[in-house]
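K.L.:
My questions all concern the structure below.
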DNA sequence: CCAAAAGTGTTTGTGATACACCCATGC
DNA sequence: GCATGGGTGTATCACAAACACTTTTGG
């Protein structure tokens, strides 16, 4: 028999964000050290509770905006975690979201409630509750998405070099890629604009900067193009 | 500021199942005609509410078991839907699951509360709330999964012919496949057992029956094999 | 002139696709 | 003996992977 509304149990629904960043070398996640119970002092994902008047996407945006001041962050719902004892405090479910932010351009806002810090995904501390599992799932999802949708650019500055893009994909996929093959493949996609500008910080010769051309990409998608790296 | 447990809102969490079946020709979904409000008389997915003492997976299994009597059904969490007005009755979120069942082997249990009926996915009626969206998402997920994990067998009888398997993939992917290429590909995977038995119902010559060899598959996965159709 | 990173093509191998005829059987 | 679906192999093409040298320029 289907439960009716009146007899059904209500639950607390939390939302936790796996926030990815990239620092030119490694994929990072943003963690906070909890200044509140339970598990005070331990590292965890950034989270909050869903309000009655907002969608999960709204809640994720609210939490990310509060942390960064940004409101155009790429995010995607990952999974809803529901182990009965996952939170020792109270029966709480949590829907995990992952977000991609360009950690260079944007400073994190200060908040008295916690200390936020970037960790290399390979060197992240042990997290509370089921947050480790959330992070693992997020990494797998990011890997699948990054090769089939042009979301990698969200982790880079507006203008970037080919090498930066390659390093990003190497960090996400945790593999080494061949420079020539990578560049050939990216150029074949034909969705970047090569600028006249060069980045002179990395070498005497300087390397050309590129930009993702969203209009061109959308146009090609309309025509049946499939992004694939 | 992060909400604290005490001030956070509690919500009703429903669970809706997209139940896929296959009848040798088309991919089907199981729908019920609601005998209760709201939206009485309209078609909807099979669902229920999460109980305080169970996980979402538990709830999905409970709902499917109640419907079919089976408890070894393949299922996977899909997405949590959270539009504020998605259910006009009360603020309710719903986590959608999809399930794969072999509709031939198993009879559905009767239940006075509703009438369950199989619909071709291309001819399904309009559904209540956001259930159409759930179904669309489930189809896309199933397509991605079916080519990268050996879950298609869940929709077939224990023993099946190559043609049945091909028709299944054609229905899932909504494409036509070449018989020789399909069989070559499947044989190359080397995860089926060819039985000495033949299915004589479809032709005079009869066609060999095959079975999925889970042990062999698991073994190959251990060794780094990747399933890909 | 030299050190350091940027930039650039070709060859080879592998997997995907296209395609047509013979086989076995019951009637 | 014939109608019906079952079963099988090869040639071509497209994409993925391997691979090394030249260019630029600031010091």
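Chains as they are written, first to last, in my numbering: chain A, 1 to 229; chain B, 230 to 458. Even glycine gets a Cβ: it sits at the ideal position worked out from N, Cα and C.
Go through its chain and collect everything with a Cβ distance to residue 268 (chain B)'s Cβ below 7 Å, but skip five positions before and after it.
P.N.:
Same-chain partners within the cutoff: 357.
K.L.:
Based on the DSSP secondary-structure assignment, which residues constitute the bridge partners of residue 11 (chain A)?
P.N.:
Per DSSP, B:240.
K.L.:
Using a Cβ cut-off of 9 Å, pull out every chain A residue sitting near residue 283 (chain B), in sequence order please.
P.N.:
Those within 9 Å of residue 283 (chain B) in chain A are 82 and 84.
K.L.:
Please list, in chain order, the residues of the segment 264 to 280 of chain B that have any C-beta partner in chain A closer than 8 Å.
P.N.:
Against chain A - using a Cβ distance shorter than 8 Å - the residues of the segment 264 to 280 of chain B are 265, 276, 277, 278, 279 and 280.
K.L.:
Taking only the alpha-carbon atoms, compute the straight-line gap between residue 208 (chain A) and residue 377 (chain B) and give it to the nearest angstrom.
P.N.:
Approximately 38 Å between the Cα atoms of the pair.
K.L.:
Mapping the DSSP letters down to three states, classify residue 447 (chain B) as helix, strand or coil.
P.N.:
Note: residue 447 (chain B) maps to helix in three-state DSSP.
K.L.:
What residue ranges within the segment 326 to 405 of chain B form continuous beta strand (DSSP E) runs of no fewer than 3 residues, ordered along the chain?
P.N.:
Complete beta strand (DSSP E) runs here, min 3: 343 to 349.
K.L.:
Taking the alpha-carbon of residue 186 (chain A) as reference, which of A:153, A:196 and A:199 has the nearest alpha-carbon?
P.N.:
If we check each option's Cα against that of residue 186 (chain A), A:153 comes out closest.
K.L.:
Is residue 243 (chain B) near residue 8 (chain A), with beta carbons less than 9 Å apart?
P.N.:
It is a contact, given that the beta carbons lie within the stated cut-off.
K.L.:
Please name the residues in the segment 131 to 148 of chain A whose beta-carbon is closer than 7 Å to at least one beta-carbon of chain B, in chain order.
P.N.:
Listed by position, the residues of the segment 131 to 148 of chain A near chain B (Cβ gap below 7 Å) amount to none.
K.L.:
Could you check whether the Cβ of residue 90 (chain A) sits closer than 9 Å to any Cβ belonging to chain B?
P.N.:
So yes, residue 90 (chain A) belongs to the interface.
K.L.:
What does the alpha-carbon distance come out to for the pair residue 206 (chain A) and residue 195 (chain A)?
P.N.:
Near 13 Å, if we compare the C-alpha coordinates of residue 195 (chain A) and residue 206 (chain A).
K.L.:
Do you know whose CA, among B:384, B:322, B:452 and B:371, lies nearest residue 301 (chain B)'s CA?
P.N.:
Among B:384, B:322, B:452 and B:371, the Cα nearest to that of residue 301 (chain B) is on B:384.
K.L.:
If the criterion is Cβ atoms closer than 9 Å, does the pair residue 296 (chain B) and residue 256 (chain B) meet it?
P.N.:
Not a contact, by the Cβ cut-off of 9 Å.
K.L.:
May I ask you to report which of helix, strand or coil DSSP gives residue 225 (chain A)?
P.N.:
Correct three-state label for residue 225 (chain A): coil.
K.L.:
How many whole angstroms separate the CB atoms of residue 183 (chain A) and residue 220 (chain A), which I take to be in contact at a CB cut-off of 8 Å?
P.N.:
Wrong, their Cβ atoms sit about 19 Å apart, outside the cutoff.
K.L.:
Consult DSSP for residue 415 (chain B) and reduce its assignment to one of helix, strand or coil.
P.N.:
Three-state DSSP puts residue 415 (chain B) in a helix.
K.L.:
Identify the continuous beta strand (DSSP E) that holds residue 191 (chain B) and give its terminal residues.
P.N.:
With chain B running from 230 to 458 in the structure shown, residue 191 (chain B) is simply not present.
K.L.:
Measuring only the C-alpha atoms, how far is residue 323 (chain B) from residue 353 (chain B)?
P.N.:
When rounded, the distance between both Cα atoms is 21 Å.
K.L.:
What do you get for residue 254 (chain B), buried or exposed, if any count of 16 or more other CB atoms within 10 angstroms of its CB means buried?
P.N.:
Exposed, by the Cβ-count rule.
K.L.:
Determine the chain B residues that contact residue 79 (chain A) at a beta-carbon separation under 8 Å, and present them in chain order.
P.N.:
By Cβ distance, chain B contributes 306.
K.L.:
Using a C-beta to C-beta distance shorter than 9 Å, which residues of chain B count as neighbours of residue 95 (chain A)?
P.N.:
Under the 9 Å cutoff, chain B gives 309, 311, 322 and 324.
K.L.:
Give me the residue from B:345, B:454 and B:246 with the minimum Cα distance to residue 305 (chain B).
P.N.:
Cα-wise, what sits closest to residue 305 (chain B) is B:246.
K.L.:
Within the same chain, show all residues whose beta-carbon is closer than 7 Å to that of residue 167 (chain A), passing over the 5 residues directly before and after it, in chain order.
P.N.:
Only 24 and 25 meet the Cβ criterion.
K.L.:
Could you confirm whether any beta carbon from chain A is found closer than 9 Å to the beta carbon of residue 300 (chain B)?
P.N.:
Not an interface residue.
K.L.:
Using the C-alpha atoms, what's the distance from residue 4 (chain A) back to residue 160 (chain A)?
P.N.:
Going from the Cα of residue 160 (chain A) to the Cα of residue 4 (chain A) covers about 55 Å.
K.L.:
Within the continuous alpha helix (DSSP H) that includes residue 271 (chain B), where are the two ends?
P.N.:
Here residue 271 (chain B) belongs to no alpha helix (DSSP H), and DSSP marks it neither H nor E.
K.L.:
Less than 9 Å between CB atoms is the rule here; does residue 403 (chain B) satisfy it with respect to chain A?
P.N.:
Not an interface residue.
K.L.:
Any chance you could list the beta strand (DSSP E) runs of at least 3 consecutive residues sitting entirely within the segment 274 to 323 of chain B, in chain order?
P.N.:
Taking only runs of at least 3 residues, the beta strand (DSSP E) segments lying wholly in the segment 274 to 323 of chain B are 275 to 278 and 303 to 310.
K.L.:
Do you know whose CA, among A:114, A:120 and A:174, lies nearest residue 140 (chain A)'s CA?
P.N.:
If we check each option's Cα against that of residue 140 (chain A), A:174 comes out closest.
K.L.:
Could you check whether residue 21 (chain A) and residue 100 (chain A) sit closer than 9 Å to each other, using their CB atoms as the reference points?
P.N.:
Contact flag set, yes.
K.L.:
From residue 117 (chain A) to residue 104 (chain A), what does the alpha carbon distance come to, in whole angstroms?
P.N.:
Approximately 14 Å between the Cα atoms of the pair.
K.L.:
Are the CB atoms of residue 350 (chain B) and residue 398 (chain B) within a distance shorter than 9 Å?
P.N.:
No, they are not a contact pair.
K.L.:
Can you name, in chain order, every residue of its own chain whose Cβ lies under 6 Å from the Cβ of residue 288 (chain B), other than the five neighbours on each side?
P.N.:
Result list for residue 288 (chain B): 244 and 279, in chain order.
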